Structures are given as structure tokens and as C-alpha cells.
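Visitor: Below you will find the structure I want to go over with you.
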Amino acid sequence: MDRAKGTAVLDKTFDILEAIGLSTEGLDNQQLAAQLNLPRATLYRLLALLVERGMVRRDANNKCYRLGFRYLELVRGAWMEPDLIAAASFELRALRDLTGETTYLAIRDGDQVLSLERCDGAHSRRSAASMGQRKAMHCTGQGKAILSALGDEDRRELVRYMTLTALTPLTIIDRNRLQAELDVTRVRGYAIDDEEIVMGVRCVAAPIVDSSGQVRGALSIAGPAYRLTLERLTLLGPEVAASAQRVGSQLAVKQTEARPDELQPVSSQWAFLGGHPRWSASEQCLYWADKLGPAVYRHDPQGTTRILRTEKPIIGLELTPSGLFVAQDDEYFLYDKGEVRHRTPWGFGTPTCLCCDPEGRVWAAIRMGSGQWKIGEVSREGTLISHWQISEAISALSWDSPRQQLFALAPESGSLYRLRAGAEVRRFTSMPKGSGQLSGLAVDADGSVWTALSGGWSIVTFDHEGNLERMLGVPVASPTDLCFGAADGGTLFVTSSRQAVSRVALKNAPWSGTVMSTPAGSHGSPAPLTRGPA
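Per numbering that gives the first Met the number 0, the sequence shown runs over residues 0 to 533.
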């Protein structure tokens, strides 16, 4: 008997939650009592408990009850990774501001869609579907968008057993017609709900798909049909699709903790300002520099050895067939079999950075008097053959030879530029300053670009379209440069800085200044060989 009473109380409690949740305007005491046919004493007691637990809140302005914030937290936590709403929130607001209409974020729940977030439109008459509300997939823009992005077999299986209920005269209830509609939706990138769930309301939606191909949800715009004409929806569709793609690219970031068994110093040797790591395929060893030491080190399975000490800071380091090409502010030289040879002054001023292409040619960036930076090939005479100009400081260069393009890093703006012969300079991607200062460049075999975030405790990777693909945490505040190495090219070597690291920071980051390595999950080529300026 007691158990039956307890079940009855739960039923009444859930009835209250459901009634409040389905009401867009909220419900007061009288409305709840009339709708649920509950004794007032029971209703007040259950409401007081729900308010105390945060599942329901009282709207003092309208004197009604609405779902509580604790309820919404539980819904979000149950149906998504924590980053989904965060990634979608900006795009929801941007689409709302673009159209003035209400925008939604939804996910799949079996053969239904569930609304997770809403950004209300600017009009008094607008779409106002409740958060947490489930809807059929076949008659909603969100549902059709999600269905269109599923694999062919998964989609056919889902549509085959789906109940196609006609909610309006325009609802698609023929399975073949629905499949054809989904094929069109997949090709154009967005779905349209033409008054298929509620007469007088139209919607345009696009699927959110991450880089692994997993369908994570959908973004949509909904509003009265007289404002959202079919012609207008056709114009808005590409905007929604682009927003959904941006959300998906953010969800593609894989936050990987730097575990001790994954990322470790290659030795105890540290540098004031480490940089220029270069993997030698012929020697199966790593060369790197302490730019301020200044010195050059060699690391192999037997340990780390300092092979060269210089009087001036080192601004570049490349491999030669029998040694090293070392660049300094005013000159460059070859280090061959323990001897410094062919000291040559630069013929064009001081380069800010260097790199070597697979043909062995040296490329450099220099500052011009006009505040522009030239990027080009260093000639045999030590002059610079200019190929591109950029209006901000360039601190790193790296070639992606299979795709015949050069990447240039501009730390002040946090920008990466993609440079191609005969083409205009294009901004490839950028990072906000709060993420850290971009430092160092490497390109893997897939064309993904890797860079360190100095001050940001991280390494980031961008795919070939410039989307943030991966973030790798590192146990030092200021990683400075990176390269691929080891026999299979699958190890990432990361240099770091100890300069200006406080004592407090050193306690939390004792590996600052060391060279660290970790399995990259990608493969890159060893450093090319150069004979110096061609």
C-alpha cells in the first residue's frame, strides 16, 4: 500500500513537471490545479518541494511557475558533451540577429528530436517551442537535417520503422517521398519544414557533423510562414549550413591530457629559449638550439650532447648533408665535422625566421622599412628573392611541399597565412590572444598544420581548411617550436622556454626549457637537407 502511494506521488510530481514544461508562458496555481485536477494542498506541497530542489522556479513578474535551472542543467548534462551548447551558443545568437527569428539547437533522441537550447526572436509573434520538448523527425527541419546526414544504411533503417504521422495536410507520410526529400537535403546542405508540423510555421535547419562524421545535432531557424517565405528560406539555408559547420568544427577538437607516459622530456638538458628542432633521418637523431644560450644540441638514444656554442643568438638551424646550417642576426655559417666554415654576412638585413624546402633552398622573412615583411628565397649571393609581402611580423615558416604551399606565422595577430606561387596571400586561420601566442610551425603528411601556444600550455592542429582539429596539453607554460621525427616520423618533438618563467610557475612546470616528445597520432617528414643559399 505504501509503495502504491509513493508511486502515485511520483506520478503527480511528474505531471506537474510535464505541464509546466509544455507551457511556453508558464502556469499559475489555479491553472495547474484545474489542468491536473489535484487537491490544492497536494499541489502546493509538491510545488514547494520542486522549487526547493530547483526543478521548478516561480516567475515573480508573471506570478507563474516555470521549469527551474536545475532541471535544465540535468537535461543538458544528460544529452550532450559539455561543449555542444557552448559551441552552438554564438551561432544561435548570430542567426537570430541575422533574421530576427527564433533559433534552436536540437539533438536526436531515437526517432525523435529534442530541443536543447533556444534563442528567442525579436518579434512579438514568434516560434516558441519549449526546451526539452520532443518532436517527430519526419516532419521537422531539425529531424530531416539529422536524417540527411546519417549513413545510408542507418537512415534507411530508421525511416523504415518510423511512424509517419500526418500532423498537418503538408506532412510527408510517404516513405519514398521522404527518402527523396532527404537526398535533396543532403546535397544542398539544409532541410526545410514547410508547415509540416504546425500550419503557419516554417523552419530551415542544417545538421551539425563533427570531423569524425558523427552527427551531433542540428541548428534551425523557425518563424511564421508569412515572414519565412520559401524564397527567404532558400536564401537562409546556406547561412544555417555554414553556422552548423562551424559548430561541428569546434566539436572536432580532441582535448587530450598530457599523461606522464605520453609526453616526457627526452633528457634533463634545458634551454633558456629552446627552438629550431630538426630530425635527421640519416643519423636518427634530433638537433635543436638554445637560441639565447646560445648553443646547439644533438640528442640520440645515447643521450644529449652540446656540439656547438656561439657568441650570438641563433635565429635559424637547418641540416646539411654533412652538418648544420646555422643562422645568426648578421651572418650564417656551416658547421661541418666539428668546424665552423664559410661565415657569410646576410645581404639583405636580418631575417626574422628561416626554413628549408625539400629541394634544399633556404627561405626567409625580413622586415622592410615600410613596415611590411618580405618572404622569399635566399640566393647564392645572400640576397632575398622576394615572393610575397605581409603587413605584420612573421616569426616562423614551414613548407607543405606536396600541396606546393608555404605557411607563415604572425604572432601579434595570432594569424597563420597560406602562401602559394602566383596567388594572393591568404589568411589560413587565427587564434585569439587569450589562447596563447602562436610559436613554431610543422606540417604533417595529411596537410594538417601544427603550432605551439606559448603561454597557453598547448599544441594545436588545424586541418587543411584551417579548422581547429586537435588540442594537446603540454606540461610547460611556453612551448616554442616543434617537429616530427623518429624512424616512422610519428613522434612529435616539442621545445620550450625557461626564460622569464617565475619560480611559482617552475614549481608547476619543472620541465620548462626541456625538449619533450610524444606520440603524434600523425606522421611527418624528417628535416630536408640544404647546402645553404642556392
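Just so it is clear, CB atoms sit at the ideal spot from N, CA and C, and this is done for glycine as well. No experiment lies behind these values; they were computed from the predicted model shown.
#1: Cβ of L316 within 9 Å of Cβ of H298?
#2: What are the residues that DSSP puts in a beta bridge with E317?
#3: Which of the three DSSP states is assigned to E330 in this structure?
#4: Could you tell me the alpha carbon to alpha carbon distance between P344 and V424, rounded to whole angstroms?
#5: Taking the beta strand (DSSP E) that A526 falls in, what are its first and last residues?
#6: Take S279 and list the residues in its own chain whose beta-carbon comes closer than 8 Å to its own, dropping the five residues that flank it on each side.
#7: Report back the beta-carbon spacing between A395 and C352 to the nearest angstrom; my notes put them in contact at under 8 Å.
#8: Taking Q498 and F347 to be in contact with their CB atoms under 8 Å, please state how far apart those CB atoms are, rounded to whole angstroms.
#9: Which term fits A144, buried or exposed, when burial requires 16 or more other beta carbons within 10 angstroms of its beta carbon?
#10: Once DSSP output is grouped into helix, strand and coil, what is the label at P237?
#11: Ignore the nearest five residues each way along the sequence and tell me which others in A476's own chain have a CB closer than 7 Å to its CB.
#12: Whole angstroms are fine: how far does the CA of W362 sit from the CA of P237?
#13: Drop a sphere of 10 angstroms on the beta-carbon of A485, count the other beta-carbons inside from all chains shown, and report buried for 16 or more, exposed for fewer.
#14: Return the Cβ separation of S248 and L83 in integer angstroms, given the expectation that the two are a contact with Cβ distance under 8 Å.
#15: As an exercise, report each continuous beta strand (DSSP E) stretch of at least 3 residues that is fully enclosed by the region 430-479, in chain order.
#16: Could you give the C-beta distance for T568 and V197, rounded to a whole number, given that I count them as a contact under 8 Å?
#17: Output yes or no for whether 9 Å exceeds the beta carbon distance between N28 and L42.
#18: Between the Cα of W372 and those of S378, L408, P276 and R360, spot the shortest distance and give me the residue it belongs to.
#19: Is the beta carbon of L115 closer than 9 Å to that of L104?
#20: I need the straight-line Cα distance from L177 to H137, nearest angstrom please.
#21: Per DSSP, what kind of secondary structure is S496 in: helix, strand or coil?
#22: With distances taken between CB atoms, is the gap from L26 to A18 smaller than 9 Å?
#23: Could you give the C-beta distance for G120 and E100, rounded to a whole number, given that I count them as a contact under 8 Å?
#24: Where does S114 sit, in a helix, a strand or coil, going by DSSP?
#25: Specify, as a first and last residue, the run of the alpha helix (DSSP H) that E51 falls within.
#26: Report all residues from its chain with a CB closer than 6 Å to the CB of T494; omit the five preceding and five following residues, and keep chain order.
#27: According to DSSP, is F13 helix, strand or coil?
#28: Could you name the residues of the same chain whose beta carbon sits closer than 6 Å to that of V208, not counting the 5 residues immediately before and after it, in chain order?
#29: Please state the DSSP three-state secondary structure of K62.
#30: Can you name the start and end residues of the alpha helix (DSSP H) that A93 belongs to?
#31: Consult DSSP for A165 and reduce its assignment to one of helix, strand or coil.
#32: Is the beta carbon of S438 sitting closer than 9 Å to the one on F483?
#33: In this structure, how does DSSP classify F271 when only helix, strand and coil are distinguished?
#34: Relative to the C-alpha of S414, which residue among Q403, I389, T184 and P518 is closest?
#35: Check for me: the beta strand (DSSP E) holding Q178 runs from which residue to which?
#36: Output the distance between the C-alpha atoms of S447 and A519, rounded to the nearest integer angstrom.
Guide: Well, looking at it:
#1: Cβ distance not < 9 Å, so L316 and H298 don't count as in contact.
#2: F324.
#3: Reduced to three states, the DSSP call for E330 is strand.
#4: If you take the alpha carbons of P344 and V424, they lie about 29 Å apart.
#5: Under the DSSP assignment, A526 falls outside any beta strand (DSSP E); it carries neither an H nor an E label.
#6: Here the set comprises L285, Y286, L318, P525 and A526.
#7: Contact flag correct, Cβ pair sits at about 5 Å.
#8: So it is not a contact: roughly 28 Å between Cβ atoms.
#9: By the C-beta density criterion, A144 is buried, having at least 16 other C-beta atoms within 10 angstroms.
#10: Helix.
#11: Contacts found: G454, W456, V500, A504, A508 and S511.
#12: Near 40 Å, if we compare the C-alpha coordinates of W362 and P237.
#13: The residue is buried, with at least 16 neighbouring Cβ atoms inside 10 Å.
#14: L83 and S248 do not touch by the CB rule: their CB atoms are close to 13 Å apart, not below 8 Å.
#15: Counting whole runs of 3 or more residues, the region 430-479 contains the beta strand (DSSP E) stretches 436-442, 448-453, 457-461 and 467-472.
#16: Residue 568 cannot be examined here, being either before or after the span of the chain that is shown, 0 to 533.
#17: Yes. Within cutoff.
#18: Out of S378, L408, P276 and R360, L408 has the C-alpha closest to the C-alpha of W372.
#19: Yes, Cβ-Cβ distance for L104 and L115 is below 9 Å.
#20: For L177 and H137, the gap between their C-alpha atoms comes out near 7 Å.
#21: Note: S496 maps to strand in three-state DSSP.
#22: The Cβ atoms of L26 and A18 lie closer than 9 Å to each other.
#23: E100 and G120 do touch by the CB rule: their CB atoms are close to 4 Å apart, below 8 Å.
#24: Correct three-state label for S114: strand.
#25: Where E51 is concerned, the enclosing alpha helix (DSSP H) stretches over R39 to E51.
#26: Result list for T494: G273, G274, P276, W287, T479, D480 and V514, in chain order.
#27: Correct three-state label for F13: helix.
#28: Excluding five sequence positions before and after V208, the CB atoms of its chain that fall closer than 6 Å to its own CB belong to A148, V214 and G247, given in chain order.
#29: Coil.
#30: Residues D82 to T98.
#31: DSSP, read as helix, strand or coil, puts A165 in coil.
#32: No, the Cβ-Cβ distance between S438 and F483 is not below 9 Å.
#33: Coil at F271, not helix or strand.
#34: Relative to S414, the option among Q403, I389, T184 and P518 whose CA is nearest is I389.
#35: Note, Q178: premise wrong, no beta strand (DSSP E); alpha helix (DSSP H) at R174 to R187.
#36: Taking the straight line joining both Cα atoms gives about 12 Å.
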